[in-house]
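Protein chains in written order, with our numbering: chain P, -3 to 552; chain B, 850 to 1164; chain L, 6 to 222; chain A, 124 to 241.
These notes are about the structure you will find just below.
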Amino acid sequence: MSTTTFEGVPTVGPSAAIEPSFLTSENTIGSWLFTRDHKRIALLFFASITFYFFVGGAAATLMRLNLATPEGLLQPAVYNRMFTMHGIIMVWFFLIPSIPTTFGNFFIPMMIGARDLAFPRVNLLSWYVFNLSGLVVLFSLVMGGADTGWTFYVPLSTVYANGYVLAAALAVFINGFSSIMTALNFVVTIHRMRAPGMTWMRLPLFVWAIYAVSVVMLTATPVLAMDTFLLAVERFIGIGLFDIQHGADAILWQHMFWFYSHPAVYIMILPSMGVASEIIPVFARRPIFGYAGMTIALMSIAILSFFVWAHHMFVAGISIYSGVFFSLMTFFVAVPSAIKVFNWTVSLHKGRISFDAPMLYALGFVLLFTLGGVTGLMLATLAVDVDLHGTYFVVAHFHYIMVGATVSAFFGALHYWWPKMTGRLYPEMWARSAAILMYVGFNLTFFPQFVLGYLGMPRRSYTYPPEWQSWNVLSSAGASILAIAYLLPLLYLGWSIFWGRKAGPNPWRATGLEWATPSPPPTHNFEETPVVSLGPYSYDPEDDTFIDQEGVSHAR
Amino acid sequence: MYHWIPFWPDTAAVNGVAVNNLYIAELALSALIMVSVVIMMLTFCIRYREGGSASRADRVRKTWHFEIAWTLATLVLFLILFVWGARTYIWLYRPPPADEEVYVVGKQWMWKVEHAGGQREIDALHVPVDKSIRLVMASEDVIHSFFVPAFRIKHDVVPGTLETLWFKANKTGVFRLECTQFCGLQHATMSGEIDVMTGPDYAKWLTSQGAEKSLAQQGADLFRAHGCSGCHGENSTVHAPPLSGLYGTLVHLQDGSVRRADEAYLRDCILNPRSFTVAGYPPIMPDFSGQLDEGDMLKLIAYIKSLGGNQESRR
Amino acid sequence: MPADTRPVPEMQYATLEQQGETAQFGIWVFLTQETIFFGALIFTYFLYRITYPHEFAAAAKDAVLWCGSLNFVILVTSSLTMVLSINAAAQDARPNRMVRWLIVTVVLGFLFLIVKGYEYYLDFQDRVVPVLDFVAKPGEGSAGELFWVFYWVATGLHAIHLTIGIGLVLYMLLWRIRRGEITPAYYAPLEVVGIYWSFVDTVWLFLYPCIYLVGRS
Amino acid sequence: MTMGPEVDARRASALPFVIAWIVILLTAGISAWTAFLGLGIWAPVIQFGIALFQTALLFVLFMRLKGAPSLKWVFAVSGFFWLMFLYGLSMTDYSNRQSWPPAQASTRSQLQVDQDHR
């Protein structure tokens, strides 16, 4: 049944019959809830994280409504709990799992020519554990929420906060297991399950990005798990390793927290970089500029991300020499990011660029990421950070990276791969409008916050002096546009499932292996294990042809 | 101070001027990077749009030259900023010899201020212009962060330690004081005013406060009340380290290590004496943790400092 | 599945070799994560121990050295019997020798838990249980309690890991081996369990000097 | 790799494992012994050194890293490697923070600075 042809990786011979698509092969509820198919699990994750995205978004809406006037709308206690739950839910229940668990789950096996992830049961378990932690965080939210900020700084979180901090911390702890299981699966799959001919330097950049992010998840999450575990213990029994009364160090929590949570920022952004690197060559119809440089940049960001965490603590009372070291490292980590921005931009040079919705999202991603990046440099500069730390400047900066860039890339990926996932095309004009609306709404929401930050508005405040109202009103107005832009895709993508045009296997004329199967793909992805003979992105803009990864040329 | 739409905060201290200059330089560089990316992207997008007739021949092929050039250029620029930022940071966080010292205690949700002369304020701080002011800060409960936007200075106030910060205002006026570390329910209202006054006005203000005892005198009272004087007093027969002239000097500890007797050290010694047994003395001092609040602690430290010492060699 | 047929690889694998190798690689990736998890806990210990050496020495005197040492011997021995069982699985077509060594392993695992339980009992007698019943001994100040918090958290987490290990061995014994799924041709599942088991042992190698060898001189 | 004939050979003898077991117990005895000698700071250094050595034995022999593909080695070591980041880089802070660790501040460098100033 099998033969070993390449690097000891065996192939699967042709199967007897063409299988039905993974969506329609079985239709019972049980066939979804107990599925081991990575594509179905991806859709399960997609449903879960979409739910949490809108829960977190609702909290954000309340916050922006409250901040439209200095007098506010919410009780201070409610506002504090809203921003805490917004942070916790958006970070751990949307951003971190977002691209890896959905598009990663769905497309990593397909892009490397495998029939499934290495451990499908672990993959399903990851979804259940994710939802278990989700139930715990929803319990915390429904009971009134935690009121510590998503960073859970001690001793506020251990002693002084009144909310359901224990439940929230446990939710984060449990959520870590889900992250680790997913990451482990990707690492093992990418190492062990590649199709014959799929060498490392022929991997699509999205696979590289997911690999980098999985390594970061795997090595950073345990520290957070231990940190939140100790927090939960201390909160539960009343004494622990962060107890200042017993001579413990309050800043230790921050060290361990940021040891995870700074790499976590890269967990959020690396997959989006992979998405942009997939989309831009397809719609520019030319190879990505500097493929090798891009892979090196991805991996060096992943490694360097562990050397910079204390830049969140420049004013926290750490040693000033330590601050100098971490600032230097932060400047270093900016270099590979700068390389990537440069390469994406040059990848447009002499292309044959069409502006379909995924491309609009990808270009938006590059611009928002660049602005987020340069403001990140300002925060990395020690003396300027002393001023800006803890103000709205920081809020604006990380929203540019985590929401502007990552969510743009998420929607880009969603539009790019939607035809493959569902077999249907969405209405293009609606999609382009949503992309533009999202870009405008985002900038209107968060750019004013840079100004507010330099003016000195502290983050996590439910009120502010009246002279700052004009900027806050602008920001709130932008947020309402953003909300519409986020809701729009729900409508037209939902519509397209039933009434959209049939997509065909390769609507974008892309080179990847995932496009070599029918849309939606059959349960086992490939009738026959593909044999790869080329790197990704073999597009030729001169005559608008391309060669897919199996080496087949396609005319225009 | 009030603008309809404020774009730029007041800059009212020498610290603020230094940070402001760096900020403007970074803003310019950021704008440069942003604009060049946007121009490049726009040019390519228009010129090489799908229907465009521009030639696609002779594409830039795989080459390292561009990447290396771009990397080096960005790295050099970044390193310049890094050095500038780091130098300013060290200057910001290393208080020079101070003209005045002020003690600040953060607690949910107020800033309590005590001047050396014993004058107390809440959520307000009166300081003279053109004098360098050194703040010694403690927290009674959670982590707070002392932030004056107009001075561009900020430092977290961490419970369990003493933190220091300094500034030198160069403009009179009233400026906002904030807490930028989320500290619980009323974090948003944990703000106050910094009132920078001319020298004579400040002197007038100090005398109008009606403080009876200076901070050091209040500390001396505590020193007696808690029985410290029984061992550390001038006429004590107990073999305990003398405190006069201690502040700022180097202390050799039993375990062979050496510590500078700064505020944080004095605080640690009072709260956890066994870890700081001074070389040549028996470990007999009782532990005062739980008996003194942060305000008392600052008074005791002010008293010990008033006994003389090496005031110049501060961190 | 009849006991004598070679098991079929899962759908996503082409061969059993690929499946077995992947499972072993998977457990190593998992252990990377576990190493960091326990390493982070020991980091907190490390920090406080260098900060409060005298307090920690005073506090750790109450740790029951003979229990910790006995458990050290038990665990290392159980790792050995686990390996002997895997060796047997690789060599013998009949499972007898493998099963025998596995039973010894699981008994040693339970023995560890019993000794640990007795040690906890002694700790209660000694009043070193933070929150419930804690009396600071002379010289340990307030920081000594940090040692005991670490002690309970670390040994508790280790015991949970060991219990999971016992569960896995029992799963092998009562399910996989009984169904004839572990054979010289395919014993990767047992090997994966064995690697996990030895890792739990490794954690104890570090907890032992952390807890029991402090403040003895 | 689990099934190649050469692997069977490595599985054949129990002797290396028994020797490793004896070595681990003996070194553990040494480790416990050092605790009573009053070696000060060296005691934990020796003890953790021995623990690392024992770990290496367990990893290489019991957990069968010997002869395993380099990929497994990489992941086996990377846990410890990443912990070095946590320990090492945190120490850039703790080793010379203003008030931490309370009794053991980096004394030598402070002394040096002090003498330079005088």
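We treat Cβ as the ideally placed atom computed from N, Cα and C, and that holds for glycine.
Quick caveat: nothing in here was measured; it's all calculated off a predicted structure.
Do the CB positions of residue i and residue j come within less than 9 Å of each other?
i       : j       : result
L924/B  : V331/P  : yes
T1047/B : T1021/B : yes
A244/P  : A358/P  : no
A149/L  : A64/L   : Going by the sequence as given, residue 149/L is Gly instead of Ala. The answer is yes: Cβ separation under 9 Å.
S323/P  : A935/B  : yes
A987/B  : G1041/B : no
P557/P  : A551/P  : Because chain P spans -3 through 552 in this model, residue 557/P falls outside it and cannot be assessed.
M222/P  : A142/P  : no
V304/P  : M290/P  : no
Tell me which residue opens and which closes the beta strand (DSSP E) that residue i is part of.
i       : result
P423/P  : Per DSSP, P423/P belongs to no beta strand (DSSP E) and is neither H nor E.
M1046/B : 1041 to 1046
Hey, does residue i have any beta-carbon neighbour from chain A nearer than 9 Å?
i      : result
N101/L : no
D67/L  : no
So residue i and residue j are in contact, right, with Cβ under 8 Å, and what is the actual spacing, rounded?
i       : j       : result
I349/P  : M309/P  : With 8 Å as the limit, I349/P and M309/P do not qualify as a contact, their Cβ atoms being about 43 Å apart.
V133/P  : N181/P  : The pair is not a contact, with the Cβ atoms about 23 Å apart (cut-off 8 Å).
S210/P  : A167/P  : Not quite, the Cβ-Cβ distance comes to about 22 Å (not below 8 Å), so this is no contact.
F996/B  : T1038/B : At roughly 14 Å, the Cβ-Cβ gap does not stay under 8 Å, so F996/B and T1038/B are not in contact.
G521/P  : P105/P  : The displayed chain sequence assigns Asn, not Gly, to residue 521/P. Correct: roughly 6 Å between the Cβ atoms.
E1112/B : L1011/B : 5 Å
A151/A  : T157/A  : About 11 Å separates the two Cβ atoms, so there is no contact after all.
Y388/P  : R455/P  : 6 Å
F253/P  : M355/P  : At roughly 37 Å, the Cβ-Cβ gap does not stay under 8 Å, so F253/P and M355/P are not in contact.
Do you know how far the Cα of residue j is from the Cα of residue i?
i       : j      : result
F442/P  : M269/P : 21 Å
R111/P  : Q17/L  : 5 Å
M6/L    : R184/L : Caution is warranted here: a pLDDT of 40 is assigned to M6/L, below 50, making its placement in the model unreliable, and the coordinate value is therefore given only provisionally. Taking the straight line joining both Cα atoms gives about 7 Å.
M59/P   : V447/P : 19 Å
L113/L  : S83/L  : 6 Å
G31/L   : V469/P : 52 Å
G400/P  : G369/P : 11 Å
M959/B  : E949/B : 22 Å
G901/B  : S404/P : 27 Å
D1005/B : V985/B : 12 Å
T160/L  : L212/L : 8 Å
P16/P   : L483/P : 32 Å
G145/P  : D979/B : 38 Å
G1009/B : V951/B : 19 Å
F42/P   : L121/P : 15 Å
Y156/P  : A165/P : 15 Å
Does any CB atom of chain B fall closer than 9 Å to the CB of residue i?
i      : result
H163/L : no
A148/L : yes
Against chain L, with Cβ distances strictly below 9 Å, would residue i count as a contact?
i      : result
T157/A : yes
L184/A : yes
L190/A : A small correction: the amino acid at residue 190/A is Gly; Leu does not occupy that position in the sequence shown. It does not; no Cβ of chain L falls within 9 Å.
A221/P : yes
So that I know if they touch, is there some Cβ in chain P lying closer than 9 Å to that of residue i?
i       : result
L1034/B : yes
G122/L  : no
Counting along the chain, where does the alpha helix (DSSP H) carrying residue i start and finish?
i       : result
G270/P  : 246 to 280
E22/P   : Unbroken run through E22/P: none, as it is neither H nor E.
C1118/B : 1112 to 1120
A228/P  : 201 to 233
C1080/B : 1078 to 1081
A987/B  : Counting along the chain, A987/B falls outside any alpha helix (DSSP H), though it belongs to the beta strand (DSSP E) covering 981 to 988.
A1235/B : This structure cannot settle anything about residue 1235/B, because the visible part of chain B is limited to 850 through 1164.
R969/B  : R969/B -> not in any alpha helix (DSSP H); beta strand (DSSP E) instead, spanning 969 to 971.
Answer with yes or no whether the minimum CB distance from residue i to chain E is below 9 Å.
i      : result
V197/L : Included in the structure are the protein chains P, B, L and A, with no chain E among them.
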